[in-house]
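**Student:** When you line the sequence shown up against this note's numbering, it's residues 1 to 120, in that order. Built from N, CA and C at the ideal position, the CB exists for glycine as well.
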Amino acid sequence: MIVAGFGFRAAATLASLEDALNRAGVGAQLFATVADKAVAPAMVTLAERHEVPVAGIQADVLEAQITLTRSQASQHNRNSGSVAEAAALAAAGPGARLLAARVVSADRMATCALAQGDQT
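(1) Using DSSP's beta-bridge definition, name the partner residues of residue 111.
(2) Out of 72, 107, 71, 115, which has the shortest C-alpha to C-alpha gap to residue 87?
(3) Tell me which same chain residues have a C-beta within less than 7 Å of the C-beta of residue 170, skipping the five on either side of it?
(4) DSSP three-state call for residue 65: helix, strand or coil?
(5) Can you tell me whether DSSP reads residue 149 as helix, strand or coil?
(6) Kindly give me the distance between the Cβ atoms of residue 19 and residue 113, rounded to whole angstroms, as I take these residues to be in contact under 8 Å.
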């Protein structure tokens, strides 16, 4: 299963998330983000448009993931090097691996990372 993990600012739009997803490049069977943003209007609309469910990842689970990226802002705000990478890894399950480091939307409001896991 491929999971698209997202990190985004409160002001991110649907276009921000779409751009980040398009830059990541591969279709996903599941979207994931930190739990408190899983119900953000842009995230909900993105999931509906792509007909993909959204997993909300709890902060402690997010923090336990080892990420490729070490964003100072993400580390300060979420205690994670990359919310997108950590969310993707956590949702993809044990043994998951990142397909690449996160990508950033053109407006710099959203990030997306893809992880592959063995879960179906």
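**Tutor:** Once the coordinates are examined:
(1) Working through the sequence shown from its first residue, we reach residue 111 at position 111. Answer is 7, 104.
(2) The residue labelled residue 87 in the question sits at position 87 within the sequence shown. Comparing Cα positions, the closest option is 115.
(3) Nothing about residue 170 can be reported from this structure: the residues present for the chain run from 1 to 120 only.
(4) In the sequence shown, counting from the first residue as 1, residue 65 sits at position 65. DSSP, read as helix, strand or coil, puts residue 65 in coil.
(5) Residue 149 cannot be examined here, being either before or after the span of the chain that is shown, 1 to 120.
(6) Reading the sequence shown from its first residue, position 19 is the one you call residue 19. Reading the sequence shown from its first residue, position 113 is the one you call residue 113. A Cβ-Cβ separation of about 14 Å leaves residue 19 out of contact with residue 113 under the 8 Å criterion.
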